[in-house]
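Presented below is the structure to which this report refers.
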Amino acid sequence: MLTTALSGLGFGFSLIVAIGAQNAYVMRQGLRREHIGVVVAICALSDIALISLGAAGVGAVVQAHPALLVVVTLLGCAVLIAYAIQAVRRAVRPEVLDADGTGEAAGLATVALTAAGLTWLNPHVYLDTVVLVGSVASTHAEPWVFALGAMLASVVWFSGLGFGARVLRPLFTRPAAWRVFDLAVAAIMISVAVGMAVNLRGWLGS
């Protein structure tokens with residue numbers, strides 16, 4: 555159980571730790587100390603809801619239709635490899651997180667709507683949480699334990715990024731820091747893809 559949870563935790567981090575609009579916004583609000591509790595709650599709870607849908611929906615469908623497991627696994631491996639390639643490319647040419655702390659403070663409603671929009675209007679969020687996490691979770695004997703690990707990754711990441719932004723700003727504004735993160739993301743993605751492929755070979759051979 556612990557191994558499955560840690561796998562979910564690591565996989566969750568590999569998906570969420572990357573430069574993007576949502577992370578940049580969370581960090582920016584953290585640096586400004588502007589409604590950061592609301593922003594963290596919206597992002598984390600949204601991930602929890604979407605991961606739950608993935609673990610329940612995709613996992614149930616796959617278990618009810620074993621033939622779909624092959625298709626889902628192959629698609630999952632392809633997506634993982636694509637993400638790994640993107641991560642390596644980002645590591646080769648790392649970006650600098652643009653999140654200054656200047657400007658006029660925004661209202662609570664504006665901040666909440668922006669955080670929700672960056673989360674729910676991003677198609678990659680659905681691919682990552684509902685489809686990808688759900689499909690990987692379904693390959694484990696305890697899919698909900700894997701999903702809980704992924705949920706914990708979201709809570710820890712958004713909380714750390716938002717509330718710890720002021721302390722971490724010198725680190726995250728340096729390209730070298732994002733190079734390390736992206737290389738770690740690529741390594742995790744590839745290892746998960748290999749694991750899924752090995753499991754698929756075992757299922758087909760049994």
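Take 555 as the starting number for the sequence shown in the numbering used here and just add one per residue.
Every residue gets a Cβ at the ideal spot worked out from N, C-alpha and C, and that includes glycine.
Because the structure is a prediction, the values reported are computed rather than measured.
Query                                                                                                     : Result
Cβ-Cβ distance between Ala747 and Ala609 below 8 Å                                                        : no
Validate contact between the stretch 703-715 and the stretch 631-643 using beta carbons, cut 8 Å, 3 pairs : no
Distance CB(Ile602)-CB(Ala666) smaller than 8 Å                                                           : no
Distance between Ile590 and Thr557 (C-alpha atoms, nearest Å)                                             : 32 Å
Cβ shell of Ala575 (< 8 Å), same chain only, five flanking positions each side left out                   : Leu672, Asn676
Contact check, Ser689 vs Val739, beta carbons under 8 Å                                                   : no
Alpha carbon of Val594 to alpha carbon of Ala645, nearest angstrom                                        : 26 Å
Collapsed DSSP secondary structure at Val710 in the structure displayed                                   : helix
Cys631 versus Gly756, Met750, Arg755, residue with shortest Cα-Cα distance                                : Met750
Expected contact under 8 Å - CB spacing of Ala719 and Gly584 to nearest Å                                 : 3 Å
Cβ shell of Pro648 (< 6 Å), same chain only, five flanking positions each side left out                   : Pro729, Trp732, Arg733
Enclosing alpha helix (DSSP H) for Leu563 [first to last residue]                                         : 556-570
Euclidean distance between Cα positions of Trp711 and Ile570                                              : 8 Å
Residues near Leu560 by beta carbon distance below 8 Å, same chain, minus five either side                : Gly703
Endpoints, the alpha helix (DSSP H) within which Leu604 is located                                        : 590-607
Proximity to Asn685 [Cα-Cα], best of Leu604, Ala621, Ala670                                               : For the sequence presented, residue 685 should be read as Val rather than Asn. Minimum Cα distance to Val685 is reached at Leu604.
Coil, strand or helix - Gly661 by DSSP                                                                    : coil
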